[in-house]
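Everything below concerns the one structure shown next.
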Amino acid sequence: MPTREELLALVDAKSAEAAIQQIAREAEANRQNYYEMGAAGRFDDAAYHLREAWRLDEEARKIAASVQPQQPQSQYTEMEQELLRDYPQIARDPKKWQTALVAANNLIMRGYDRNSPEYAQTIAHACGVLNADFSESNETNTPDTALAACQSKYGPVTVEEYNRGVERLILEKRAGMRPNSQ
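The opening position of the sequence shown corresponds to residue 3 in the numbering used here, with each subsequent residue numbered one higher.
Right, here's the structure in full:
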């Protein structure tokens with residue numbers, strides 16, 4: 003999992019990005035005020051908003067220049083990289099990512115090998131993508147995995163046939179029918 007330095011660099015980068023976005027909104031508001039004040043003949047007020055917009059633009063440039071670009075080298079073990087490849091939803095979901103970090107740190111403190119399958123499985127279980135028996139949870143099922151399961155059970159099934167079946171099932175359930183009852 004990321005080192006303290008990597009986390010601090012990430013915080014710096016994300017904070018700088020947020021600050022630059024805030025500054026951009028403020029600068030745009032000042033530019034709008036500049037035009038409105040100028041159109042109303044209030045040139046002193048227009049000059050203030052023009053100067054403020056320029057000051058904000060310069061502030062954003064300074065912040066952007068102060069953030070060091072992140073190094074592309076990975077501090078993740080092969081097992082951690084495999085975990086993130088197999089379950090990309092862990093990295094995409096901020097709650098799952100935080101859970102993964104906490105679980106990883108706890109496992110490391112308990113002496114787990116970061117390259118062991120048990121380490122990766124335990125993190126995946128903590129994030130809810132694996133059940134307690136380390137089978138994939140329903141959460142990991144996607145339309146593609148459902149289609150693949152259908153094809154493995156029933157043979158060649160097209161996406162259209164699958165979608166028609168799903169629609170039929172939804173209609174039957176709405177009508178109070180149980181699946182597979184005619």
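C-beta: ideal position from N, C-alpha, C; glycine also.
(request) Give every residue of the same chain whose Cβ lies closer than 7 Å to the Cβ of Leu52, excluding the five residues on either side of it in the sequence, and list them in chain order. (result) Tyr36
(request) Determine the burial state of Tyr121: buried for a count of at least 16 other Cβ atoms within 10 Å of its Cβ, exposed for fewer. (result) buried
(request) For Ile132, write down the residues that DSSP places opposite it in a beta bridge. (result) For the sequence presented, residue 132 should be read as Leu rather than Ile. Answer is Glu138, bridged to Leu132.
(request) Within the same chain, show all residues whose beta-carbon is closer than 6 Å to that of Leu86, passing over the 5 residues directly before and after it, in chain order. (result) Ala93
(request) Quick one: using the 10 Å Cβ neighbour count with 16 as the cut-off for buried, is Lys98 buried or exposed? (result) buried
(message) Is the separation between the beta-carbon of Asn117 and that of Met81 shorter than 8 Å?
(response) yes
(request) Out of Ala21, Tyr78 and Pro158, state which residue places its alpha-carbon closest to the alpha-carbon of Leu103. (result) Tyr78
(message) I'd like to check one pair, Ile25 with Leu58: are the Cβ atoms closer than 8 Å?
(response) yes
(message) By the DSSP assignment, the alpha helix (DSSP H) with Ala31 in it spans what residues?
(response) Unbroken alpha helix (DSSP H) run through Ala31: Arg6 to Ala41.
(message) Looking only at its chain, what residues have a beta carbon closer than 6 Å to the beta carbon of Phe45, apart from the 5 residues adjacent to it on each side?
(response) none
(request) Let me know the secondary structure DSSP gives Ala150 once reduced to three states. (result) helix
(message) Suppose the cutoff is 6 Å on Cβ atoms and the five residues either side in sequence are ignored; what does the same chain contact list for Ala48 look like?
(response) Cβ within range, chain order: Tyr36, Met39 and Gly40.
(request) To the nearest angstrom, report how far apart Glu30 and Arg63 are at their CA atoms. (result) Cα-Cα distance, rounded: 15 Å.
(message) How far does the alpha helix (DSSP H) with Asp240 in it extend, from its first residue to its last?
(response) Coverage of the chain is limited to positions 3 through 184, which leaves residue 240 absent and any answer about it impossible.
(message) Classify Val131: buried if its beta carbon has 16 or more other beta carbons within 10 angstroms, exposed otherwise.
(response) buried
(message) On the CB-based measure, 16 or more other CB atoms within 10 Å of its CB, does Ala126 come out buried or exposed?
(response) buried
(request) Alpha carbon to alpha carbon, how far is Leu12 from Ala106? Give it in angstroms, no decimals. (result) 18 Å
(message) I need the boundaries of the alpha helix (DSSP H) containing Ala177, first residue and last residue.
(response) Here Ala177 belongs to no alpha helix (DSSP H), and DSSP marks it neither H nor E.
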